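Residue numbers (numbering that gives the first Met the number 0), protein chains in the order written: chain L, 0 to 333; chain D, 0 to 311; chain W, 0 to 508; chain R, 0 to 370.
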Amino acid sequence: MKSKIWQLTSTLLGSFLLLVLAGGCSGGSEKEINAGVFKVGLLSPGPVNGQGWTQIAYEALLKIEKELGAQISYVEVEQSPALFERAFRDYASQGYQMVLGHGFEFQDAALTVAKDFPNTYFFISSSKIREGNVIGVDSDSSEAFYLMGVVAALMGKAAGLVGGVEIPPITNAFIGFTNGVRSIDPDFPISTTYLGSWTDAAAAKEAAFSMIAEGADFIIPDADAAGSGVYQALNETGPGYWSFGIYNDYTSQAPNNMIGNYFNDYGQGLVNLARMVKDGNFDIQTNVEFGLKDEDVIWVKFVEGRVPVDVQESVETARQGIIDSKINTLSPIR
Amino acid sequence: MEPLAIVSFLAAVLAATWRLATPFIFTSLGEVFSERAGVLNIGLEGVMLIGAFTAFAITFFTGSPVLGLAAAITSGLACGLLFAFLTVSLSANQIVVGAALNLVGLGLTSFLYRSIFSGRMETAREYVSFSPLEIPFLSSIRFFGDILFKQNLMVYATPIVVLLGSFILYRTAFGLSVRSTGEHPRTVDSAGLRVSMIRYASVLIGCGLAAVGGAYLTVAHTNQFNEGITSGRGFIALAVVVIGRWSPWGAFAVSLLFGFFYALQLRLQAVSGITIPYQFFQAMPYLLTLVVFVAMRRRAAPPGALGVPYKS
Amino acid sequence: MSETLLKLDKIVKTFPGVRANRGVSLEIRKGEIHCLLGENGAGKTVLMSIVYGLHQPDSGQVIYNGEHLDLRSPKDAIKRRIGMVHQHFMLVPTLTVAENIILGQYPPWKILRHMDRVEEKIEKLSREFGLKIDPKALIHTLSVGEQQRVEILKTLYHGVDLLILDEPTAVLTPQETDRLLVFLKEMAGRGLTVIFITHKLDEVMQVSDRVTVLRDGREVATVVTAKASPRMLAKLMVGREVLLEPPPREGPKGENVLSVKNLFVNDERDLPAVREVSLEVRSGEIVGVAGVSGNGQSELALALAGLMPVAGGEIHLDGSVATNLSPRKLSCLGLAHVPEDRHRMGVVLPFSVAENFVLHEFDHPPFARNGFLRYKMIKSHAMDLVRQYDVRLGGVDDEIVNLSGGNQQKVVIARELHRKPRLLLVNEPTRGIDIGATEFVRRQIAAQRDAGAAVLLISSDLEELIALSDRLLVFFEGRIVGQIRASRDRIEEIGLLMAGKSGKDLVEK
Amino acid sequence: METVEPEIAQKPPSRRSDLKKISFSPRYLFTLGRKMAPPVAALAAALLVGAILLYAAGYSPWYAYGVMWEGAFGSRNNLAETLLKATPLILIGSGLAVAFRSGIWNIGAEGQLYAGAVAATLAGIFFTGLPAMILVPLVLLAGMLSGAIWGGLAGFLKVRFGASEIVTTIMLNFIAIIATSYLVTGPMIEEVGKFPQTAQIADAARLPRILFPTRLHIGFLLAMGVALASYLLLFKSSRGYALRTVGISPDAARYAGINVGAGLMISMAISGGAAGLAGATEVAGLTFRLYQEISPGYGFDGIAVALLANNNPIGVIFTGILFGALRSGSEVMQMNAQVPSVLVSVIQGVVLLSAAALGVFRITVAESRKE
């Protein structure tokens with residue numbers, strides 16, 4: 000028995016060693032293809048065609064391809080931080096000039112890899128970092144949500160917010176909304192629910208139903224793919240209950256309930272950045288933060304005929320106040 | 000809270016309870032059949048996903064949720080045929096095949112979703128699903144109207160399907176042979192019945208209903224497909240079967256209980272002043288299963304021949 | 000003479016390695032109670048399973064009601080009104096009586112609308128035949144006797160002309176047995192034909208019209224019961240040629256090694272299996288335990304070996320208390336145990352022969368050091384024992400499943416005997432093994448006795464008991480019903496005792 | 000039924016023992032080949048199914064697989080990434096091999112991994128003052144113990160209450176994952192940033208890297224060590240002898256004086272400990288902090304890895320690397336050929352299904368319940 004086992008072990012270990020050697024040898028011939036092509040890579044934290052957050056980045060990537068003629072690539076790393084570093088390294092070592100990690104969670108890995116690849120720009124979504132070639136890119140949703148808050152407080156009775164997971168981009172947006180509401184009516188009721196999921200549309204739908212039952216008439220999701228559950232709930236409930244499309248035009252999902260859409264053309268923002276990288280004149284020294292001031296990136300557009308003129312005027316005043324830094328949408332609540 | 004507010008709170012929670020329980024009800028009812036015949040299928044999650052995707056895709060292309068549902072059942076039966084062939088005809092290990100089914104279900108639906116639907120996201124959001132059907136007069140009854148009479152067809156179907164399942168299991172010759180096969184297959188053999196045929200049929204019922212449970216998520220409760228949309232519901236269904244002690248009505252009741260936890264969790268967060276973390280409610284079904292095992296001691300006995308291949 | 004109902008003509012049935020029936024011919028007449036008498040392994044059950052469609056014969060014919068039968072499954076048998084009550088009941092414990100009875104009776108889509116009618120019919124039947132049972136009761140709440148009634152009711156419900164009962168009394172109390180026998184006679188009076196498989200002479204004499212004795216897969220004789228005597232039947236049943244006999248040697252009997260006082264043991268269903276048994280085994284003697292299997296011998300052995308809890312009474316081994324000790328501790332006290340079921344317990348089939356040799360000692364030196372197995376020692380130990388006990392094999396690394404039954408048993412015997420036990424507990428040492436191995440195993444057991452061990456030998460093979468034992472204890476229904484000097488000329492008396500024909504005059508001081 | 004005795008013709012004492020002395024004899028290679036054939040055939044079948052899917056979806060299977068191979072083994076870094084993914088799989092697979100050989104169905108490695116990751120993170124955050132020589136083993140030990148307790152719990156429920164370990168371990172998986180989600184969004188959330196993640200563990204708690212400049216860390220060697228140790232435990236130690244006996248025949252084990260209940264609990268604790276160790280190496284070797292989704296399903300892949308290796312820990316090294324390569328290669332396949340990496344789940348599932356169909360598991364995997 001013993002000899003049989005040793006034979007087995009030695010055979011297997013031998014073949015394994017061969018494998019390692021083979022791998023190690025070819026390690027010397029790592030390819031460096033960098034001749035003239037502008038290459039942009041994306042690390043997506045979920046399926047790229049999931050709606051909402053992950054789709055934004057994918058569409059941005061497609062836009063960069065279209066407008067700048069870049070060679071693009073993406074990889075879905077499925078929420079496993081252990082794999083991020085590898086993906087960054089792979090892109091960088093293949094000569095990608097720009098890699099986007101679409102989420103705060105990519106920050107650690109990018110910092111580690113960036114030291115070895117000074118010629119690559121690492122952009123990290125919803126991060127505020129700036130260390131060398133690692134640049135945080137954030138689009139501040141709190142400003143747009145502030146405006147929605149103003150609308151809700153002026154037109155509605157109570158508001159409900161349905162979040163995916165309790166993380167800063169979401170909580171910040173909700174703080175902005177609350178500040179917007181408070182600027183009009185300090186006693187306006189707001190309730191918040193987190194789903195603990197980005198995909199469970201059924202749960203979002205039920206959360207919206209329960210808020211409606213509690214008397215809310217403005218219900219706004221920020222829950223990625225799950226968010227469309229909220230629109231479905233409103234659509235089924237009927238007119239008189241309102242919501243905003245988040246990041247995109249979602250009017251078709253609840254045609255009678257959509258009061259407006261919050262557009263976040265993150266893609267355009269990234270195209271602006273990528274153009275600078277491509278042309279070799281990237282000279283921003285801090286982290287990047289898109290806001291209402293970047294009018295081609297972030298804007299709110301109302302559905303025709305749904306918002307009275309006086310409300311529109313209040314919103315416009317608030318918008319100017321935010322752009323002029325007179326209003327801090329993220330000021331702590333109470 | 001005001002008494003009136005409590006009533007409306009309760010009505011909303013209970014209405015949501017039933018909707019959230021529906022996928023558990025279909026899936027666990029099917030698994031009751033399969034386990035009663037002695038076959039443990041831990042691949043329910045995979046089968047549900049396949050059913051959810053099939054229903055979504057077919058509804059998307061034909062515009063008919065009925066066709067989508069029918070296609071989902073067909074896909075579930077196909078899974079069942081594969082599962083039964085491997086575990087019954089080839090006596091392959093049920094755990095291995097179930098685990099494999101979960102992998103294939105997740106991988107296949109995600110791969111196909113990307114291949115077929117990438118770039119069609121905007122349109123994919125719009126198709127007709129089973130929408131709520133208010134029952135005239137009854138739906139305007141206070142309290143009960145909201146809970147019982149403003150649901151969609153698949154939700155209404157649950158007690159009927161459970162009734163039918165219970166009837167088949169306890170009131171037909173087939174049901175009798177299913178219950179016998181899970182306990183004592185040799186007796187079934189000596190009564191001149193074919194154990195393998197009964198197991199095939201039960202597994203097909205199990206997988207078919209799991210696919211219906213999955214389809215509900217994409218063509219009734221919502222009208223969209225996300226990768227991994229089942230979010231572990233197939234595993235909860237396994238727990239439901241145990242706590243429901245392998246009976247259709249038991250599974251129905253436990254599904255409603257779990258649906259209630261889910262609904263309550265979503266509701267309580269919105270009520271200020273209550274600070275129980277929502278994860279506690281998420282974990283409730285699983286904790287409860289363990290508690291049941293401890294409380295029941297060895298009395299919570301599963302079918303005697305569960306998981307054991309039969310060789311005559 | 001009434002006409003023939005069933006005729007078996009030269010039935011041959013072989014299983015891999017076993018020739019269960021070697022050309023059995025048999026005639027059963029309408030309306031008679033026909034006993035099939037024989038030892039374990041005589042081929043009775045296999046023969047009747049063929050009649051019931053569970054097995055198909057290799058050759059030979061089954062003629063029923065003058066028609067040649069080719070039964071593919073029990074369904075065919077049930078259709079022809081043949082019913083069988085198996086030794087191990089074919090009942091689903093979680094279902095009711097009524098549900099068990101109608102199982103398999105209807106096509107799958109049939110709605111069981113009128114269970115109350117079924118229950119009524121069962122109640123009517125049970126009243127008619129005096130088999131009192133509640134049709135709504137769940138099987139697992141019923142006693143064994145009641146479960147048997149359900150089995151019989153099942154055949155009556157389906158309609159039965161020929162009823163086969165396989166060892167029906169093995170699990171019954173004497174009162175239940177009496178009731179069953181009366182019932183069968185009554186049924187025969189109504190024209191039912193009964194085939195009754197048994198070992199128990201008593202019952203044969205009491206109930207049967209004719210009796211066929213089977214031995215080694217052949218029918219030895221068919222006699223009219225009225226013209227037979229228990230003695231004659233016992234002789235026919237066990238009267239095999241003595242193949243071998245180890246040289247008898249009356250060693251000096253030594254001190255008491257095993258003493259058992261008022262032992263009670265319950266079986267797996269928690270029913271009493273051993274009742275108030277007291278016995279002693281001295282160093283240098285072999286005490287044989289005779290009895291038809293299922294009379295508590297297995298439970299006695301398991302309890303002595305620490306594998307089944309003792310419900311009452313005391314066991315002393317070499318003076319120390321050995322009641323409810325773990326197998327490990329008993330082993331330290333000097334117990335060696337050759338278990339009854341070799342495949343389930345005695346050997347670990349996928350293990351190598353060498354590994355099987357150290358089943359008890361795998362974690363003792365010299366076979367283990369610092370928690371690691373020392374395969375060198377294990378193998379050389381195995382090779383020693385293989386030589387010493389003449390185990391035939393390719394190599395000690397072979398998986399034991401590849402060895403013949405005889406050689407597997409030699410491995411078990413070698414493993415248990417080489418430890419020089421104080422008490423050797425041997426249960427069915429030669430069941431299902433070839434003649435050469437049988438002879439070898441018996442010699443080894445005798446050698447242990449000669450070396451001063453106390454040996455308790457349990458066997459259903461009377462020849463073996465007589466050849467080896469110094470004295471015999473006869474078990475019947477969990478009790479010792481006789482103690483007798485083992486001798487060939489007392490064989491009929493032993494047979495009578497085993498069959499429950501007790502006579503106080505037979506007990507020797 | 001009367002006892003039926005399989006009577007296998009006695010073999011004459013052969014000269015096979017002579018043959019055995021020659022290593023790599025044709026006979027030995029033949030046996031090895033016969034043992035390897037079904038898993039290899041299963042893999043081939045799975046790759047074929049994958050190829051059909053690829054073709055149907057409009058990709059070139061040949062090209063995609065080429066990229067996948069390249070991604071798994073094509074460079075030093077890719078090889079390192081493959082081995083990194085193989086590390087938790089080998090750890091978990093080795094532990095599960097012990098459990099499955101002992102006849103207990105531990106489906107809960109995923110939860111045990113989480114339990115280990117949580118404990119390892121706690122140790123790495125709290126004991127900041129300690130030197131690496133002490134802290135690294137401490138972190139690993141914390142992970143291992145925590146996993147062992149999580150696994151042992153299921154063992155306890157089975158032995159004490161007769162609860163099916165298949166159901167309880169699945170439940171414990173969810174409880175561990177949900178508890179982790181609670182911890183990183185609540186009590187253990189980082190001080191700065193307030194993202195749902197813990198603070199980073201101390202520098203001294205991090206595993207040394209072994210193949211510069213890749214990320215391959217010492218955890219891989221540890222995994223090889225654990226595989227070897229599991230092998231020795233199972234096949235060379237007396238404890239392993241007892242466990243295997245329990246797995247094959249509980250009756251024989253009782254007869255041999257082995258405590259069956261204790262055996263089941265020990266093997267659950269061992270497999271849980273190995274999975275906990277996998278969680279610890281992920282935290283201490285790669286992520287340096289705890290996130291909500293620390294494992295992309297290693298615990299479930301580990302089941303396949305163990306079964307495909309016929310529950311032999313040495314074989315687990317190879318099936319672990321195979322599955323690691325599939326995962327790692329599929330990522331590169333997505334990057335460079337834009338083929339969705341989820342395809343790999345299909346391939347892994349079909350490997351298992353075809354292996355099941357070929358009867359790979361029928362002999363060595365004991366049925367957990369007997370009639």
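Ideal Cβ positions, reconstructed from N, Cα and C, are used throughout, including at glycine. All values reported here derive from a predicted model rather than from experimental measurement.
Cutoff 8 Å; reference residue i; Cβ partners in own chain excluding five residues on either side
i	result
residue 16 (chain R)	Model confidence at residue 16 (chain R) stands at a pLDDT of 39, short of 50, so the residue's coordinates are unreliable; what they give is reported in the following sentence. Cβ neighbours of residue 16 (chain R) beyond the five flanking positions: none.
residue 204 (chain L)	228, 229, 231 and 232
residue 201 (chain L)	228
residue 505 (chain W)	The pLDDT assigned to residue 505 (chain W) is 44, lower than 50, so where the model puts this residue is not dependable; a value taken from the coordinates is nonetheless given after this. Around residue 505 (chain W): 481, 483, 492, 495 and 496.
Limits of the unbroken alpha helix (DSSP H) element including residue i
i	result
residue 131 (chain R)	131–160
residue 192 (chain L)	Looking at the DSSP string, residue 192 (chain L) is not in any alpha helix (DSSP H); the run it does join, the beta strand (DSSP E), is 189–193.
residue 70 (chain R)	60–72
Own chain partners of residue i with C-beta closer than 6 Å, once the 5 adjacent residues on each side are dropped
i	result
residue 21 (chain L)	With a pLDDT of only 44 at residue 21 (chain L), under 50, the local geometry of the prediction cannot be trusted, and the value read off the model is given with reservation. Closer than 6 Å at the Cβ level, and outside the excluded window around residue 21 (chain L), lies no residue.
residue 36 (chain L)	70
residue 218 (chain R)	86, 206, 280 and 284
Where the beta strand (DSSP E) containing residue i begins and where it ends
i	result
residue 70 (chain L)	70–75
residue 281 (chain W)	271–281
residue 47 (chain W)	Unbroken run through residue 47 (chain W) is the alpha helix (DSSP H), 43–50; no beta strand (DSSP E).
residue 335 (chain W)	334–337
residue 172 (chain R)	Unbroken run through residue 172 (chain R) is the alpha helix (DSSP H), 164–184; no beta strand (DSSP E).
residue 155 (chain D)	That residue, residue 155 (chain D), is in no beta strand (DSSP E); its alpha helix (DSSP H) goes 152–170.
residue 69 (chain D)	From DSSP, residue 69 (chain D) is part of no beta strand (DSSP E) but of the alpha helix (DSSP H) over 64–83.
residue 97 (chain L)	97–100
Chain-order list of residues whose beta-carbon lies under 7 Å from that of residue i (same chain, five-residue window excluded)
i	result
residue 74 (chain D)	49, 50, 53 and 210
residue 305 (chain D)	34, 37, 39 and 181
residue 395 (chain W)	351, 352, 353, 378, 381, 382 and 385
Bridge-paired residues (DSSP) for residue i
i	result
residue 105 (chain W)	DSSP, once it has assigned bridges, lists no residue as partnering residue 105 (chain W).
residue 367 (chain W)	W:372
residue 331 (chain W)	According to DSSP, which records beta bridges pairwise, residue 331 (chain W) is partnered with nothing at all.
residue 43 (chain L)	L:75
residue 27 (chain W)	W:5
Validate contact between the stretch 154–163 of chain R and the stretch 255–268 of chain R using beta carbons, cut 8 Å, 3 pairs: yes
Cβ contact (3+ pairs, closer than 8 Å) linking the stretch 222–242 of chain L and the stretch 64–75 of chain L: no
Chain-ordered residues of the stretch 18–47 of chain D with a beta carbon less than 9 Å from chain R: 39, 41 and 45
Within 8 Å of chain W by C-beta, residues of the stretch 71–86 of chain D in sequence order: none
The stretch 59–70 of chain W in contact with the stretch 133–149 of chain W per 3-pair CB rule at 8 Å: no
The stretch 104–124 of chain R contacting the stretch 140–149 of chain R, beta-carbon criterion three pairs below 8 Å: yes
Cβ contact (3+ pairs, closer than 8 Å) linking the stretch 331–344 of chain R and the stretch 67–83 of chain R: yes
Cβ contact (3+ pairs, closer than 8 Å) linking the stretch 143–160 of chain D and the stretch 3–15 of chain D: yes
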